[in-house]
Amino acid sequence: MVAVGDMLVGYATDGGVRKRGASGGLVTAVLAAALEKGLVENVVVMKHINEFEAVPIITDDVEVVLASTGSLHSVPVNLAKYAVGRKVAMPAKPCDAQAVIEQAKRGMIDLDNTYVVGLNCGGSMHPVTTKKMLVEMYDIDPEDVIGEEIEKGKLIFKTKDGNEKGIAIDELEEAGFGRRDSCRYCTIKIPVNADLACGNWGVIGDLAGSATFCQVMNDKGVRLLENAIEAGRIEVQPASEKAIAIREKVNTAMVNLGNTLEGKILTEIPDEARIQYYLDQMANCIDCGACKEVCPVCACGEDSKCTMFHSLVDDYSMSMYHLVRLLHLSDSCIACGQCSDVCPSDIPITILQSRFAIPAQRKREYTPGMNVDETPPFFEVILK
Amino acid sequence: MVEKEWEPKIVAFCCNWCSYGGADTAGMGRFQQPASTRVIRVMCSGRIDPLHVFNAFLEGADAVLVTGCHIGDCHYVNGNEKTEVRYKFLEDMLQQLGLEPERLHLNWISASEGERFAHFIRDVTAKVKELGPSPLKPAGVS
Amino acid sequence: MTEQETNTENTQKEEPRIGVFICECGVNIAGAVDCNAVADYIGTLPNVTTAVVNKYTCSDAGQEEIKHAIKDLNLNRVLVASCTPKTHEPIFRACVEEAGLNQYLFEFVNIREHCSWIHMWEKEDATHKAKELVRMGVARAALLEPLQSNEVPVTNKALVIGAGVTGMQAALDIGDMGFQVYLVEQGPSIGGKMAQLDKTFPTNDCSICILGPKMVEVARNKNIEIMSYSEVTEVDGYVGNFKVKVKHKPRYLNIEDCSGCGLCTEKCPIEVPYTEFNEGIGTRKAIYVPFPQAVPLRALVDKSVCIDCGACIKACERGAIDMEQQETFSELDVGVIVVAAGYDVYNPEPKHEYGFGLYDNVITTMEFERLINASGPTMGKVVRPSDVQPPKRIGFVQCVGSRDKNSNIYCSSFCCMASLKNAQLIKEKYPDTEVYIMYMDMRTPFRMYEEFYNRARDSGIKFIRGKPAEVTETQDKNIIARVEDTLTGEIVNLELDMMVLSVGAVAPESTETVRQILKVSKAADGFMMEAHPKLKPVDTTLDGIFIGGMTQGPKDIPYSISQGSACAARATRFLAQGKAMTEGITAVVDDDICVTCGVCVPMCPFQALSMEDEKLKIISALCKGCGTCMAACPTGALQQSHFKNEQLLAQVKNVFAYGEV
Amino acid sequence: MKEMIYQTVCPGCNMGCGLYIRENDEGTVAIDFMKSSPANLGKLCRFGMQLPHHYSKATSMVDGVESSIDDAIQAASTKLKGAKDVAMLSVGATTSEEHLAFTKVADALGTVVNTGMGTYAELPPECHATVGHGIPLEDVEQASKIALFIDPYTQYPLIVRRLLAAKRSGASIIAVGPKEIKLADETKHIGPDQYESELGLDSESLIIADVHPHSDPEHVKHLLNLALMTGARIMFMKPFVDSTGVHLLSRGTGQKGLQEIMDGINEGSIKTLVTLDSDPIELMPNGVEDILKKLDNLVVISSRNSPVTRLAQIVIGTEPLYAKAGSFMNVEGQMLKNSGSSSIGIDALSTLAQNLGGKAFDCQGLHTQVLENVVKEYTGPKYKKLSCEMMETAPEEGKGNLINVYNPFMWFDQPDDNDFVMVNMNTVKSLGLRKGGMIALTSNGGTLKIRYAVAEVPDGLMLTNKKLPITTGTCTVVTAEGC
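Those protein sequences? They're chains A, B, C and D, same order as listed. The opening position of the first sequence corresponds to residue 1 in the working numbering, with each subsequent residue numbered one higher. The opening position of the second sequence corresponds to residue 1 in the working numbering, with each subsequent residue numbered one higher. The opening position of the third sequence corresponds to residue 1 in the working numbering, with each subsequent residue numbered one higher. The opening position of the fourth sequence corresponds to residue 1 in the working numbering, with each subsequent residue numbered one higher.
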């Protein structure tokens, strides 16, 4: 019925789900079917808090899954840790899927028990930044927003009164708004590391806006889809050549943009200025440990090397905690941006991490979170 | 009193079987060296955790040396190969951090290579002396 | 709780009371270091109960002083600052133990090799450095913890895997020392490759004539239990306590009842055109005795060709034959394991340039050994395969599959001598035969080998320095070898009646299986890896497992036998002591911190780490205390006792101080 | 697998940091980041990250024996009925609604609720609005010059990012205090008489200070005068989740200081103490346990177990703070709501009030009343220049001053990696302190060996972020020795 490598277009059969869900509700229906048919025991869903924030919850209730819909654009939370120790299906941005695989490499997640429905991601925004942007750039009251969309490089907001307004993302980002820094230089836009890679890129013609493009990445993807079809929750059809080409085109454009922005965001710092740069960046650390707590790649518990040998009583010029973490993550950081998000001192930790991790990973031709069988290079026994 | 010339402080991690022996052999051969280096003995260079190196720098080391047996000679099959894997990360990291590369060295020294050990210490000390104190050295520490 | 454990707890809770002993070593240290100044400074440090200077701390007087101080001052840590721990640590460890202190509560600081001797003319610097070195040691000493190197009882039995000449020697030596040995051989007879050889260099004695008695000796040794036609399938445990599972393949007769009389063979109607013992040459029956000197001299049935006619069952007077026999298993408890699993000869088929397998008259050394052997298929008559006629021109090609980057880069070491021997045997038997040896280098070290080579040269054997670039066959099945004599630069087309490929040794697949079962490391050449190429040539990195003979790499018979004896000697140490000491310095894990991510497991070359029931399990008997797993551990849950992060960092921190010392 | 998610506010200080609390069916509590929270964007400080350790289930007790909450309420009613010399304390560590409910119990008893902020009593009432009510945190980022009288890193860490943002937009920051502040352009160790001349503030400037139960009212007056004279805006940070709320709800009534209450108990003028989520043992520097033992009645209403719940005759254990229905008012005057719907605490207080002859009330009603007290705008100084005494700062010859730098860990006496004192390098050298070693401090309260960190502090001063057993107040005179 469905085979690995298939490129499909599909949607939920239930009219309500199809209408409510972004792009035809396919993902919601697939997740619901996985729970309903016992493929998994739980589903990670986003509980709606407000238009700008949703919080992940774990549910075993199909109705809760079906009721959970909504865009992920302004929900910059990494979901991997919610899957730890559970038999679960979950929606996943590429970085969520990466983190799931990294957790699996560290024995925290059993991939056989974890079904990952990937969602294309052009980047996400911080809720408070978004609200501020609405006021300052769009002249829209955040309370009036009912939906958002990215189309042709523009970020469009729809309001209660039925109007919509779009501004080019470039322009927003120039003004210091728009996507989070790490999303801007991210180059994994289609979650090919998930079980299914879903999204609205390549959904064209009549189906535009009411169906999801879906690439089947592996056997678990096949199981997810077949299960949902059997359950009568979704309908799929092969994607047209044109649809596939358009999806690829969008992806290429996004990846190219990411590569360009990497150079702009991770600007070169001359050798002699670097140490001062890092000293300045870390100077305001208050040792809260939130960046460790939130890191979806790190599998350590509360006590670990970064904390055990870091003490407030030491008068070090640089933080032992950060040095250990910079190294610890240099082979495995996926630049998901969580650490920057939660830093109370606004230290751009993700950017600092990336400055170490990106060259280290490129040198070793290794991308974390893509293949569970690839050993993180720090744990190689013999230098490759 | 003449102000004494600044001498760098170097922390050298040596493996029990080879490089520590190399340092011993340097002594037995009376190969004179600047009094800059403090040797810390571990059983295998593979025990040297990047954590120890960071701590040495943060405490005030002007240079840190990671030393072990030549590849293929490890007393524990392949400990030094693992050292090499980790060292490469450490090297990349300190380079990105902006610490001068002359401040961190990996060297394989066998127990017989006393002169090589002495030469290594002289060489690193001279280079570090030129660089001056490490930018990570805390104030008031000597 | 045992008394020892109680002591351990007490020491951990007690405030450190460190005694520091600074050795002048005559003038060796005192010549450059002001030892009294060092002692004065160290005496001011926290946890230091006493700091004194000795003329020679390692002398009897010095050691007595340490012992007295431990008692009188109730010291619970001792630090000696003198020479190198590599020579003197055992002495002082023993000294403190005698005074009732755990030996791991001793700390050694090197202020001679690492200080006075390398700063001979900078006394101020040397003294300053010595103070700091001892300060570092004091900080570490305060954090030392008592450790126990555990004694594990040793099962006083040995397993020898492989009953070639090496394994036999090892088994005999262990057996003669009074310990029980299980000798497991995968083939139906012991004896190995040497039993197949004709003569042995450099003495040219008949191989089986010298090996045969040894095989009988093995069979008669009360301490040796031969398990022929058997294979090791599982090994678990560690030094002193290995659990081994052995599979006994069915011979389809009861080995106790068979006498090896051969009546069954006579009656068997099946003629098989292949003989294992004769390298395939000649025929045997479906039920057969491997070779006349086989030990055990018992028959076996080749079920793949047997037609179940029952002729043998009728023929057997002792009713030994049992066509329903199944494979069986034994479980053995042994203390030590010797691996002498041998080798395979290189299969030269991939070397198309020599035409092996293509041209009838291109054969290997091993086939030649059986051809020229008096008990071989031709009764010792050398004939060529194509027409069974005696060859008049024979050429040997050296280094086939050896010293060749396209096959194996190593030298197989015995092939030069083997060809020299075989060439001479031809010359002796058939003086008119033209014999050529085509070679790169002739390698003939060891006693009488070079003389053997000279004798060969004198006997009219022609040596051509060069290997055939191309080999073709004439219509009458002669072999044309096109070879450049690199000494003359001449290219010759050598017409031969038969060409012998002097094939080297390779690690057989069956050895690889055993290696993986035992988890012994593999060297780059595919053979098993010794613990140290010079100092521990027959030990492996795994305590209690030894390797000898060809298993460890290509070598000739005398060397193999020496290694067999060496393995026996090394292995018997454990059996004789009845106990093995495990390393006191080992990996330890804090389960509260460990998140069982498992990254440490592949770091251990000694298989000491495993993940069991979502917990990290450390088999301390296997742990050698290298510490290479801890540096990988992201949480710091894994630590090396005696070299804990806290202990090492205490040293690092005490390299530095506020202000002048 | 069921999981409850609560939207709540961090109880560490009055910043109003939003967060989620996840509670699973085994009762395990974890924090999660509420990124849409305007005060903190979901970010939490060192204390916030440790919150799962902070919350603990409170047990109702009667005379040292575990009881049902109803029995505890009944016992409390019996004890309090007709009790004389009653003092009530609520510093603002719970919801505004509970505090208001507590004041209704006070009404029934014919007394008032004290917030423990003695400073207010020392100030003319027209100053109260300025001290009690902060300004929008966003405004910190707009100031052109900031005079900092707090240690932002340890005391109110979430203000660090606001200060850094101000700095990025060109603000200059001058720290005034004993400790070198990294983000400040300059740190000045100056006395109040030099503030006006040395700091160069104007109407575009902002003064950030703090006020808490141990604040020196004289210093607060100096700061108020500084704001008045220079025209700078002034904001006072506060230590408890509802500090601003309780000030507004209890203004004009009792704002008796903690010390005053303790003195009252010690002198015997207070015989009964009723506390609402306020533990004097945690809040006072040291030695109040013995004083509390002098009470006839100690009734504790608390959402968590703390030292005082072990000492009290009656403990009315309520639900954890995050589960309560109710709201808090942060330093900006923003009303922040809990998503929880539990009203165990309020219902208990309602029963208590009724038993004591008062009226019943409910959550919704209380909330409406709380809303009436919200102050929307910062109004600027409405007071005249205050006369104040000069403060003595220099320690005696040969002695040092050990100064408590109050922070959330200290207020709740929670464990942290902060058991050390900060001294400067001169002290290290003159006492011959060893690197990595200890310092011995002796005060009236005894002797303590403790780790030390080298910091840029003035000679003779030592700072600590931890409640130490030898401290006798905010500033303790000590002699130091090497060891």
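Even glycine gets a Cβ: it sits at the ideal position worked out from N, Cα and C. As the structure is a computational prediction, the values presented were derived from the model and not from experiment.
- Within the region 413-431 of chain D, contact with chain B at the beta-carbon level (separation under 7 angstroms) is assigned to MET425.
- Within chain B, the C-beta atoms nearer than 7 angstroms to that of A/ALA360 come from PHE89 and ASP92, in chain order.
- Residue burial is scored here from C-beta neighbours: C/ASP590 has fewer than 16 other C-beta atoms within 10 angstroms and is therefore classed as exposed.
- Rounded to whole angstroms, the separation of the alpha carbons of C/ILE270 and C/LYS477 is 31 angstroms.
- The Cβ atoms of C/ILE337 and C/GLY544 sit closer than 8 angstroms to each other.
- For C/HIS248, the three-state secondary structure derived from DSSP is strand.
- At a C-beta separation below 7 angstroms, A/LYS305 has these neighbours in chain C: PRO634, THR635 and GLY636.
- The beta carbons of A/ASP341 and D/LYS35 sit closer together than 8 angstroms.
- Counting along the chain, D/SER243 sits inside the alpha helix (DSSP H) bounded by residues 243-250.
- According to the DSSP assignment, A/THR159 belongs to no alpha helix (DSSP H) but to the beta strand (DSSP E) extending over 154-159.
- Setting aside the 5 residues that flank it on each side, C/ILE426 is surrounded in the same chain by VAL382, ILE394, THR433 and VAL435, each with a C-beta closer than 7 angstroms to its C-beta; the list follows chain order.
- Bridge partners of D/LEU89 according to DSSP: D/ASN114 and D/THR275.
- Shown in chain order are the members of the region 65-86 of chain B whose Cβ falls below 7 angstroms from a Cβ of chain A: ASN78, GLU81, LYS82, GLU84, VAL85 and ARG86.
- The beta carbon of A/CYS288 falls within 8 angstroms of a beta carbon belonging to chain D, placing the residue at that interface.
- D/ILE470 has its alpha-carbon roughly 4 angstroms from the corresponding atom of D/GLY445.
- Listed along the chain, the chain C residues whose CB falls inside 8 angstroms of the CB of A/GLY85 amount to none; the nearest CB is some 11 angstroms away.
- In this chain, C/ILE426 is not harboured by any beta strand (DSSP E); it is covered by the alpha helix (DSSP H) spanning 415-429.
- Residue nearest to D/VAL211 within the set D/VAL220, D/VAL112 and D/LEU463 is D/VAL220 (criterion: CA-CA distance).
- Only residues of its own chain outside the window of five on either side were considered, and among them VAL2 have a CB closer than 6 angstroms to the CB of A/LEU225, listed in chain order.
- The beta-carbon separation of D/GLY116 and D/LEU283, rounded to 7 angstroms, stays under the 8 angstroms limit for a contact.
- Within the DSSP secondary-structure output, C/GLU470 pairs in a beta bridge with C/ARG482.
- For the pair D/GLU180 and D/PRO239, the Cα-to-Cα distance works out to about 22 angstroms.
- Residue environment: C/ILE585 is assigned as buried (16 or more neighbouring CB atoms within 10 Å of its CB, all protein chains considered).
- Not a single CB atom of chain A sits nearer than 8 angstroms to the CB of D/VAL62.
- For C/ASP236, the three-state secondary structure derived from DSSP is strand.
- Under the 8 angstroms Cβ criterion, the region 45-61 of chain C counts as touching the region 70-81 of chain C, having at least three qualifying pairs.
- Using beta-carbon distances, A/ASP341 counts as an interface residue toward chain D, with a partner under 8 angstroms.
- For B/GLU130, the uninterrupted alpha helix (DSSP H) segment begins and ends at 114-131.
- For secondary structure counted as the alpha helix (DSSP H) over 4 or more consecutive residues, the region 159-187 of chain D holds these complete runs in sequence order: 160-168.
- Across the set C/ASP441, C/ALA158 and C/VAL165, the C-alpha of C/ASP441 shows the shortest separation from the C-alpha of C/GLY466.
- Going by DSSP, A/CYS291 is part of the alpha helix (DSSP H) stretching over 290-294.
- Closest by C-alpha distance to D/VAL176, out of D/ALA348, D/ASP151, D/TYR156 and D/ILE265, is D/ASP151.
- Any Cβ of chain B closer than 8 angstroms to the Cβ of C/TYR449 would place that residue at the interface, and such an atom is absent.
- Per DSSP, the unbroken beta strand (DSSP E) holding D/ARG233 starts and ends at 233-237.
- Membership of A/SER182 in the alpha helix (DSSP H) is indicated by the continuous run 181-184.
- Considered as a whole, the region 19-57 of chain C harbours 35-43 as its complete alpha helix (DSSP H) runs of no fewer than 4 residues, in chain order.
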